[in-house]
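Engineer:
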Amino acid sequence: MPLKNKLAKTFTCTVFGCAYFVGYYSGQLSAGIASVEDFTFQTAARVPYRVPGLVFGCGTFNKGPFGVKNGVSGILGMDKQPVSFARQLGGLIREQFSYCLTEKVSASYVKFGEEARIRGRNAQSTPFLKHNQYSVHYGVNLVDISIGGQKLGLTQGTFSGGCVIDSGGSISLLEANAYSAVQDSLEKYFSKFKNVRRLLGDGAPSGFLCYTQPRDFRRFPNLTFHFLGADFRVPSENLFLFRRNFFCLAMIASKNLTLLGAYQQRNVRIVYDLKDEMLSFAPEDCSRDAAA
């Protein structure tokens with residue numbers, strides 16, 4: 003990567019080249035050499051489009067949340083930094099992109115520009131937070147949480163750090179006080195069912211709230227994140243992790259971070275508008291999504 007490149011200051015550079023290191027909330031990290039190359043993409047009209055001088059990282063050390071060996075061939079950086087894929091393309095993608103994550107292990111597509119929009123009238127929108135904490139990541143104002151339609155009534159300062167929207171992390175993180183309130187609400191809810199018992203000790207995965215699941219039990223509550231001006235509903239199939247004879251809340255407590263993970267985003271079209279700094283979303287059957 004030439005030192006005269008306008009993005010060279012983003013990296014650690016010497017006369018021999020530029021190196022990068024990047025870490026993610028969900029535990030992945032990548033380090034290697036920063037490079038420049040011309041990339042060619044296929045547009046929605048199936049016409050090749052060449053983008054010259056795109057900066058990318060050639061990873062010499064990549065680590066996922068479950069160890070060095072994994073099936074991920076790369077990470078597409080889409081954050082707010084000038085070097086991110088989305089920011090480099092900028093006006094070429096009309097400064098917007100979207101994704102729709104499927105429930106099963108199958109292809110999910112990132113879409114750009116006109117293809118990124120939500121079809122229909124059921125979209126909701128909330129603005130991105132703009133303070134320094136979110137100079138890199140996308141965060142929104144989280145006001146409260148509901149379980150089974152009942153608001154928890156969390157105090158105003160509970161989510162003072164906002165909520166990170168992260169498609170790279172699998173499950174969600176909740177600030178400790180919020181997690182405690184969610185746990186109390188779920189314990190109260192499941193206490194009504196005699197055969198549903200909380201798993202403790204060696205029977206439950208460390209850090210997770212888990213319960214036994216009777217064979218025919220299906221009365222699971224949903225959860226709603228009340229963002230500023232928008233309600234993000236998490237149905238029970240996205241709220242709990244289901245195993246053979248037990249289930250666990252697909253969220254864990256965090257000291258001071260609240261993060262909406264990919265598991266809770268399944269079957270929702272999520273649109274990032276970088277120009278107007280808005281997050282929009284709407285329910286969608288992501289298994290029906292297709293490449294442009």
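Its first residue numbered 3, the sequence shown is counted upward by one per residue in the working numbering.
All residues carry an ideal CB built from backbone N, CA and C; glycine is no exception.
Beta-carbon separation of G55 and V38 under 8 Å?
Structural biologist: Result yes, Cβ atoms of G55 and V38 sit closer than 8 Å.
Engineer: What are the partner residues of Q126, as DSSP defines its beta bridges?
Structural biologist: Answer is F283, bridged to Q126.
Engineer: Under DSSP, the alpha helix (DSSP H) around S108 begins and ends at which residues?
Structural biologist: Run containing S108: none; DSSP gives neither H nor E here.
Engineer: Is it buried or exposed for F248, if we count other Cβ within 10 angstroms and need 16 for buried?
Structural biologist: By the neighbour-count rule (16 or more Cβ atoms within 10 Å), F248 is buried.
Engineer: Could you give the DSSP three-state label for G93: helix, strand or coil?
Structural biologist: If DSSP states are grouped into helix, strand and coil, G93 belongs with the helices.
Engineer: Which same chain residues, not among the five before or five after R96, have their C-beta less than 6 Å away from its C-beta?
Structural biologist: Around R96: G115.
Engineer: Buried or exposed: Q215, going by 16 or more other Cβ atoms within 10 Å of its Cβ?
Structural biologist: Q215 is buried by the Cβ-count criterion.
Engineer: Ignore the nearest five residues each way along the sequence and tell me which others in T42's own chain have a CB closer than 8 Å to its CB.
Structural biologist: Excluding residues within five positions, the ones whose Cβ falls inside 8 Å are P50, Y51, R52, V53.
Engineer: Thinking C-beta only, is V142 closer than 8 Å to L131?
Structural biologist: Yes.
Engineer: Would the segment 270 to 284 and the segment 193 to 200 be scored as touching if the rule is three or more Cβ pairs under 8 Å?
Structural biologist: Cβ pair count under 8 Å is below three, so no.
Engineer: Could you tell me which whole beta strand (DSSP E) segments of length 3 or greater appear in the segment 147 to 206?
Structural biologist: You should have 165 to 167, 174 to 177.
Engineer: What is the residue span of the beta strand (DSSP E) that E39 lies within?
Structural biologist: Element bounds for E39: 31 to 44.
Engineer: Closer than 6 Å by C-beta to T12: which residues in its own chain qualify, once you throw out the five before and the five after it? Chain order, please.
Structural biologist: V85, listed in sequence order.
Engineer: Could you pull the start and end residues of the beta strand (DSSP E) that N64 belongs to?
Structural biologist: Where N64 is concerned, the enclosing beta strand (DSSP E) stretches over 50 to 65.
Engineer: Does the beta-carbon distance from S187 to L211 come in below 8 Å?
Structural biologist: Contact flag unset, no.
Engineer: May I ask you to report which of helix, strand or coil DSSP gives A264?
Structural biologist: Reduced to three states, the DSSP call for A264 is helix.
Engineer: In terms of residue numbering, what span does the beta strand (DSSP E) encompassing S86 cover?
Structural biologist: Run containing S86: none; DSSP gives neither H nor E here.
Engineer: Is it true that the CB of H228 sits closer than 8 Å to the CB of S127?
Structural biologist: Against a cut-off of 8 Å, the Cβ pair of H228 and S127 comes out as no contact.
Engineer: Around the Cβ of F234, are there at least 16 other Cβ atoms within 10 angstroms (buried) or fewer (exposed)?
Structural biologist: So F234 ends up on the buried side.
Engineer: Am I right that L31 and K65 are in contact with their C-beta atoms under 8 Å? What's the rounded C-beta distance?
Structural biologist: The Cβ separation is near 5 Å, so the contact holds.
Engineer: Select from I120, P207, A10, A36 the residue whose C-alpha is nearest the C-alpha of F63.
Structural biologist: The candidate whose alpha carbon is nearest that of F63 is A36.
Engineer: Just the C-alpha distance for F18 and L175, rounded to the nearest angstrom, thanks.
Structural biologist: For F18 and L175, the distance between alpha carbons rounds to 41 Å.
Engineer: To which residues of the same chain is L225 closer than 6 Å at the C-beta, ignoring the five residues directly before and after it?
Structural biologist: Cβ within range, chain order: I149, V236, L241.
Engineer: Taking the alpha helix (DSSP H) that S238 belongs to, which residues open and close that run?
Structural biologist: From DSSP, the alpha helix (DSSP H) with S238 extends over 238 to 241.
Engineer: May I have the straight-line CA-CA distance separating F68 from I77, to the nearest angstrom?
Structural biologist: With a pLDDT of 48 at F68, under the threshold of 50, the predicted position of this residue should be treated as unreliable, though the coordinate-derived value follows. Cα to Cα, the separation comes out at about 15 Å.
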